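Student: The following block contains the structure, expressed as structure tokens.
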Amino acid sequence: MSIAFVVLALLTLAGAMAAVTLRNLVHCALALAVAFAGLALLFLQLDAQFVGFTQILVYVGAVAILVVFAILLTRGADDGKAGTVFSRTWLAGLGIAAAVFALLGWAVLRSVRGLAQAAGTPAVTVENIGQALMSRYVLPLEIVALLLTAALVGAVIVAMYEKEGAR
Amino acid sequence: MTSNPYFSLAVLFVIALGFGLTPLGLAWLWRAVYSPSKPNAIKNAIYECGLESKGDAWVQFRSSYYLYAIIFLIFDVEAVFLLPFAVAFMGLGIAACVSMLVFVLLLLEGLAWAWAKGVLTWA
Amino acid sequence: MIEKADQIFVLLLHWLVGFLPEAWQHVASVVVCVAVIVAVYPALFAVAVLMERKGLGRMQNRYGPNRVGPFGVLQPVADGIKSLTKEDIVPRNADAAVHFIAPLVLVVAVFMGLAVLPMGRNMVLVEMDASLLFFFAMGASTELSVFMAGWSSRNKYSLLGAMRAVAQMISYEVPLLLSTVGVVMITGSLSLVDIVDAQTRYSWGLAHWNVFKPWGLAGFVMFVIASMAETNRSPFDLPEGESEIIAGYFTEYSGFKFALFFLGEYVGMFSIAGLGTTLFLGGWSSPLAALSWIPSWIWFFAKVELWICFFIWVRGTLPRLRQDQLMNFAWKFLLPMTLVNLLVAAEWRFVEGVWLRWIVGMAIVAGAYVLMGRVGMRRERLGPRSYRYAE
Amino acid sequence: MSASATRQEGWSKAPAIVDYGEGELLEVSMGPHHPSTHGVFRMDVTLQGEQITKLKPVFGYLHRNHEKLGEGQSYLASMPYTDRLDYICSLTNNWAYALAVEKLVGQEVPERAEYLRVIVGELTRVQNHALSVGFLIQDMGASGTPLMYAFKEREKILDLFESLTGSRMMCNYMRFGGCRVDATPAWLDEVRRVVAGLPKFADEFERLLCTNEILMARTQGVGVLPAELAMSAGVTGPMLRASGVNYDIRKVDHYGIYDRFDFKVPLGSHGDVYDRFMIRLLELRESIKILEQALRDIPDGPVMDPKAKIRNFRPKPGEAYGRIEAPKGELGFYLISDGSGNPYRYRVRPPSFVNLTVLEDMCLGHNVADVVLILGSVDIVLGEVDR
Amino acid sequence: MKTVEEIKAAIEAAVPGAGVEIVQNPGPAAQHSLLLQPEHAVDVAKFLRDDAELALTFLSNVTGVDWPDKEITEKVKVTKMVTKTVDGVEQQVEETVEEPRKRVEPGYLEVVYHLYSMTKKHGPVVLRMRTKNRTDAVELPSMTPVWRSAEFQEREIFDLFGVVFTGHPDLRRILMWEGFKDHPMRRDYVEPDDYDYEPTAHDAVLAKATAHQARIAEQKGAGQ
Amino acid sequence: MTCFSTPLAGYLLVAALLFAIGLAGALTRRNAILVLIGIELMLNAANLNLIAFWRFGPHPEMLTGLMFALFSIAVAAAEAAVGLGLVIQIHRHLKTTDLDQISRMKG
Amino acid sequence: MLGEGILKGLAETAKNFAGSYVSKERLTTVQYPEERVAPIEATRNFPFLVYDGEDAFAGLRCVSCQICEKECPPKCIYIEKSKDKKPDYVGKPQNYPVRFDIDISVCMSCQICVEVCPFEAIKMDTVFELATDDRFGGLLLDREKLSKSNEYYHTIHPTEATEVDARLAEEKAKVEAKAKAAAEAAAAKAAAAPPAPPAAKPEAPKPTGGAE
Amino acid sequence: MAVDEQLKIEMGRQGVFVTTLEELYNWGRRSSIWPMNFGLACCAIEMIATTMARYDLARFGAEVFRPSPRQADMMIISGTVTKKMAPQVVRLYNQMAEPRYVIAMGACAISGGPFKQGYNVLKGIDRYIPVDVHIPGCPPRPEALLEAFIALQKKIDAQPLTGEARPRHLDAEAPGEFPVPEPGEHDLEPAANTSVWTVPVVIR
């Protein structure tokens, strides 16, 4: 295992860990951004340059901002000032998570031995992606457009404060 | 210079971080040696036009910020799909372009809807 | 000889690295390149700050700083020393860790953005397939730093400023990105090196810069506007609009942390000006074939400085917009216009005939501009007024 | 009684409290140290997002006890203090005070002195309007350029004041029954030269800003002051005229010799910030007209009533209220004399103080950025507001 | 423009029992004023504002005046029954003699309003109101509901003179800080003592400064 | 990296761990936003898997995993927008983002 | 057209920017410590005491009548009257100020002291470079610091000083004429009457010296 | 002074290293004094006039008026400090980062000036905070402010980095902030900060 991988994996995991455990919600969001960035770097390490940068652009640049705004909108920064930040069923949750991890880890270690080594660096350019997008994946693309529009409309409707009298 | 781009970026990251940290360290050193920091209750109080700050700044904000963030997010994602298309554009046929047009128009419809709905009216 | 002058830095680097053992050469060259970038841009920052202060002064019928050192050139140095030795105040209730990290995030992000800019022929630190996307990804992370700064200060003005800044930056990022898509469409690459190469062609002695095409011109104008907003320059400097919210998100920053914000903003300005230069103004290429003997890096930095000068000029003239107008401008004018611009780029490819595609392209752009401008002004019922007199 | 309860009585046309949406209220105090409150003014603002839901002006940070000091000293000694009321236009303050005292004792002013008063008064108006417009644009975020141009022009006028009265700002020029010193012909020539250059300045200013889209977008429809509210609230000066009420004390009272000059009163029709901005520029041009006429007609003669007393000035018991159209509005002095050398009651009716009454009404529902503009368009000077 | 007498007549016709008095102004300005009874003041004000002919829509100036208690020594003509011998007969005769007499004329706080008309362009009409005394009965009706421009000016008078305006929507201190106790524009106000450095003091200032220094010296002496 | 030494298992393990962390966060935290953060982490873990499988798969030039990850990012973004919008709406009505309290109020 | 006004404004600033390199009108800065604005004659800042001749004490015009002290609005003048007398410029014995302090940290430069002074003794100075970090020592000007010669007065306010000099000379001439007349009358009287008292008379005009 | 600077730079160019740390420090902070955007009364207009084209404070590198006290170096008390305002002024001063300088501009700021007998007027801001340079005048001319600014620069130049005579902000023992007076029922409490206000008794 390369050092870079270890470092990045640790960064990602630490960010993720912080994101779900910290007390202050804004700190959580910032830690989340760190985790996203770490993931993006992992993508880069996997030669998925475009996806990696997209990850940064969308997650660090947009989703993190969205989360932060949501936190400020719900005044969540004071969350858990008194008492625990964890729910009543935290033990059960932790147990489930541990079980899932055990299962996944077992599966991983069992199954992927054969694919341990990657093929040579694939020559994936943005142009390839574009061409693929506009040929094989054109239907998913349109569906994504629909989905995004629907998400926009839905999220706006859900989040919008209906002013009295206004339409 | 046919080096690994990520290595260069990593070096840049480290040096840029160092660029930020060095003067801060120097400033810290200066304070430690010559000009002692004297934090005090009033000095470190929150500035508010010379008065004592009342209430917390961390208050709940209004949702218009969030609405803009949603639209931004959607269009950010759109741009991500637009870029590969743009790169491949010169080699694509008219059909692909039309499908991209549909993609863009779908999103524009969302924008137009939001516009009509008054989401794009700030405050 | 001309070749040598053009490639002087590359040759210098090779010469310098040549002293080292083979195994180290690669690492050393990267380090040296990075070090040069990290050194040059702050120096440029000093120059730009001085230029700004003196230029504003001249616009306002006065000299500007001219007493610290000959012609005031040492003014930025003095400011730097002062900032370095200034007390560093962390507000009592502030989130100290985030307060500390925020300026660093900004500085690192803007420097990272510089990596992909070709600053001369063969002078680019990182050449990637998706370097444009990388640039925007880095630009997106500055938003987070601004938010961190404003939020961690726990000051009402800071938070207001940060919210304004983030809202503004996200709003203008979309037009900024989309205004470049036209270039990408025609060039067919996200690599900035390729984009510059595509522009270093000359016909009748004039360069094929993108700005000389209808889609390029429209994209250029919109890019300039969006870049002003993205870097919080006047008239879009609401986040630090001092007549309203003191100093915006860095109200509570003092000493060198404040200086870092300042520097980050300016380096961000350079990087975005460099990007604009690369995309629309032919990067390091000369406008006329006859002027190609001037080293490429001089062209690049000259264009960037010119860009900065324009920013200063605008700052010296215009009052500031209001938040809602700013948002309206981004979403209701700039964003549709950038999308129209994509149409123009598509038209450029599909319409045959040199003159026809010019005319059609310009017509689309101008038509959309006039239409949207008119509609916008009328909606807001804006316009000059006439006044009556009593007696 | 709550403020809203009184509003229902009908004198206030404050915008109905609209639903500003959700979001917690943020109480911010703007000022006393704030870059654009024009001094040590403070507004306790309640924000929702960035929208104003409540605004309470807080004064008194520059309360210098002007009236109390005035009651403790002779009539003459108050004259230099009036310079410091509205410290941008000291000469009109002098004039108002001199006018009130002249009313109190029934004193006449020689003709040349009246002309000189008009000249310096209108010069004061020019520089005040230039400055107030400059500050307004400064508040709007222009990095100093319009203000610099305004100050460039102001410096020329201040040089005139200095060579006439000896001081740039605190002129202390007028006396009861005339003016302190006479103007030399050279000075009048200099004034003519400066006045001839003023239209150029106004043109430059208009080119720089008046058709600027950003300025129009920022100011049109912002801070609307309806005429009825303006009248009820005693708003005076350019602000009142921007709301469309034709009331200029120069035309109403004909104090001094204003009936001799041919000038017009520009009126706005919307009553928003843009109107106030433009009315000031137009009034500036009208002032130039008055100046030209005054400089043409100024007669020779004494500048002081020979019967006027400087020392041991003791008016007979009585009272008088004298007012003028100061650049910011109606500036009045109310004096009660008990026959001694000091006024028994010395009251200043400052225009900016009264004009501020409607600040909250104009600001409600607007943005923080607009508040700054609206305040700028009221054109206050704290020395006058707090006295 | 009507004269004061005419206005008085008009008011009395419109507001029965208003009890308006004319206060003459002996000075050359001859701005005579109308003294209103506080009970009817608001009605009178509304009349003045709404009357088509007067249309005093513009309240320009509101002033407070403090008239402290005066100790007056005056010669009073007193009619007494004096026993006199007239024509040799002792008689009770009424006779007027002048006697010096001291009396304290109670002071009052006065509020003066200067009204103009913006539409008719005339004025000023001066109104006055007086409180009963300067200590406890200092209430006067507020004119703010009639003319908005009184809002801040009445607050100022409340702050500096201590007149309490009933019916004012927001009667708080305006110039001095909250928590300040005095009314500084009253003539018997005692200034705070901060006369530390008065190198050019004379008259009243000198007296205060000397007193201050003496007090400081005393405190120092006590401290040692 | 030309010299690729990290085995696929490493990535998959990291992804699994990330998924578990996300799941744990989603299940244990009281705040609704944090639950969404957890879900977001889980989605990202899946993305990492997709990319890793693409990279280590037999036909990287087919771009399947890559495209899938790209679309997954888009979907996740949409999910985040709607989810957070819901949280805001809930907060608007119930004045809390505490899931325990919300469930208590509901039933 | 949208953007027109903005372009107009930009043109205006560009004109000023370019103009600042060619036209003095567009570069109005006076670089203070080296360059100075041409002094304006009427300028006033703080009062000073005028003395005639060389000796600051002997020629001091102030007779400590204390009118300025009383009239000074902020009461920043402090005068102590002398017990003895010294002759003034016409030779009349007058009091002089033992102490004449002006607290320029209070002075409001209103010129009322100059206006009310019947002796042309106090005038306004134009010096403004008085910044000091010595709050108590630097800002209380005493008689020595305040006394400035008539020549100095002439350099700062030439027109006014000439007028004042003329007026003073006139007055002096009047006084001297009166004295002369009185002396002549006395001489005539003396000539008529037995010549007893002439010893005292010529002393009076002496100190001002031969200005005849 | 400018000539000296140029000479020094000239010498530096010729390889003569003359700038010691102390000089560098003093040169840096005196060449880059950013005033706080803080106007009180009449003098504020003259202060603004000083920054305008005719006088151009920017030549000294001091046109960067920072609205936030955190980033400002100098506070120009330009005008009357009333008792209502004094707590705010002191608080703002406290919130500035060291090193910080105060210029008391005009009579009112120094002593209360013509208004000093007023009940609400503070008789000089130096009752609460230490003032570096006083400019008499009512209001002082813009040139006077420039002159005071140069005087302040000279004062900074003379400050040693170490030793007894070092300025307050380099002294760990010296107070870092000054108590903010409270508005009381009749007056500010306390009426003066005796640690900075040592007044000679001048009463006659």
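Residue numbers (my numbering), protein chains in the order written: chain A, 1 to 167; chain B, 168 to 290; chain C, 291 to 681; chain D, 682 to 1068; chain E, 1069 to 1292; chain F, 1293 to 1399; chain G, 1400 to 1611; chain H, 1612 to 1815. We put the CB at the ideal spot given by N, CA and C, even for glycine. Here the structure is a predicted model, which means the values were calculated and not measured.
(1) Candidates Leu191/B, Glu276/B, Ala183/B, Tyr214/B: which alpha carbon is nearest Arg1702/H's?
(2) Evaluate Met1647/H with the Cβ neighbour count: other Cβ atoms within 10 Å of its Cβ, from every protein chain shown; 16 or more gives buried, anything less gives exposed.
(3) Tell me the DSSP bridge mates of Cys860/D?
(4) What did DSSP end up calling His667/D once you bin it into helix, strand or coil?
(5) Just verifying my parser: in three-state terms, what is the DSSP assignment at Met1685/H?
(6) Rounded C-beta distance between Ser202/B and Glu1634/H? I'm assuming under 8 Å.
(7) Starting from Tyr137/A, follow the alpha helix (DSSP H) in both directions and report where the run begins and ends.
(8) How close, in whole Å, do the beta carbons of Cys1719/H and Ala1652/H come, if the pair is a contact with beta carbons under 8 Å?
(9) So, at 6 Å on beta carbons, what are the nonlocal neighbours of Pro332/C in its own chain, with the 5 sequence-adjacent residues on each side left out?
(10) From this set, Tyr1704/H, Pro1750/H, Arg1738/H, which residue's C-alpha is nearest Ile769/D's C-alpha?
(11) For Met652/C, which residues in chain G fall below 9 Å Cβ to Cβ?
(12) Roughly how many whole angstroms lie between the Cα atoms of Thr917/D and Val1039/D?
(13) Report the option in Asp614/C, Leu507/C, Gly606/C whose CA atom is closest to the CA atom of Tyr830/D.
(14) Going by alpha carbons, who is nearest to Tyr1739/H out of Pro1680/H, Tyr1704/H, Arg1777/H?
(15) Thinking C-beta only, is Ala823/D closer than 8 Å to Leu1012/D?
(16) Given that Val471/C touches chain B, what residues does it touch there, using C-beta distances under 8 Å?
(17) Have a look at Ala1098/E and Tyr1181/E and give me their C-alpha separation to the nearest angstrom.
(18) List the residues of chain D that Leu613/C touches, going by C-beta distances under 9 Å, in chain order.
(19) Hey, quick one: how far does the alpha helix (DSSP H) through Asp820/D stretch, first residue to last?
(20) Can you list the alpha helix (DSSP H) stretches of 4 or more residues lying completely in the stretch 734-759 of chain D, in chain order?
(21) Using 10 angstroms around the beta-carbon of Lys1522/G, count the other beta-carbons present and answer buried if the total reaches 16, otherwise exposed.
(22) Spell out a yes or no on whether the stretch 182-190 of chain B and the stretch 1759-1775 of chain H are touching, meaning 3 or more CB-CB pairs, one atom from each, closer than 8 Å.
(23) Mind checking Asp1390/F: buried by the 16 CB within 10 Å criterion, or exposed?
(24) Mapping the DSSP letters down to three states, classify Gln1099/E as helix, strand or coil.
(25) Counting C-beta neighbours from all protein chains within 10 Å, is the total for Thr1558/G 16 or more, i.e. buried, or is it exposed?
(26) How would you list, in chain order, the residues of chain A whose beta-carbon sits under 9 Å from the beta-carbon of Ile1394/F?
(27) Considering Cα atoms alone, identify which of Lys1387/F, Leu1328/F, Ile1380/F is closest to Leu234/B.
(28) Would you check if the stretch 89-102 of chain A and the stretch 475-484 of chain C touch, i.e. whether three or more CB-CB distances between them fall below 8 Å?
(29) Am I right that Phe1226/E and Met1186/E are in contact with their C-beta atoms under 8 Å? What's the rounded C-beta distance?
(30) Buried or exposed: Glu520/C, going by 16 or more other Cβ atoms within 10 Å of its Cβ?
(31) Cα-Cα, which of Thr1693/H, Tyr1636/H, Pro1753/H, Leu1632/H is closest to Glu1793/H?
(32) Closest to Leu303/C by C-alpha separation, out of Lys622/C, Leu496/C, Leu415/C, would be which residue?
Tutor: Judging by the given coordinates:
(1) Tyr214/B
(2) buried
(3) Met855/D
(4) There is simply no residue 667/D to check, as chain D begins at 682 and stops at 1068 in what is shown.
(5) strand
(6) That belief does not hold up - the Cβ atoms of Ser202/B and Glu1634/H are roughly 16 Å apart, past 8 Å.
(7) Per DSSP, Tyr137/A belongs to no alpha helix (DSSP H) and is neither H nor E.
(8) 7 Å
(9) none
(10) Pro1750/H
(11) Those within 9 Å of Met652/C in chain G number zero; the least Cβ separation is about 16 Å.
(12) 12 Å
(13) Gly606/C
(14) Tyr1704/H
(15) no
(16) Ala246, Leu249, Leu250, Ala253
(17) 16 Å
(18) The amino acid at residue 613/C is misidentified as Leu; the sequence shows Gln. By Cβ distance, chain D contributes Glu731, Asn1048, Val1049, Ala1050.
(19) 792-820
(20) 747-752
(21) buried
(22) no
(23) buried
(24) coil
(25) exposed
(26) Simply none; closest approach about 11 Å.
(27) Ile1380/F
(28) no
(29) That belief does not hold up - the Cβ atoms of Phe1226/E and Met1186/E are roughly 26 Å apart, past 8 Å.
(30) buried
(31) Thr1693/H
(32) Leu415/C
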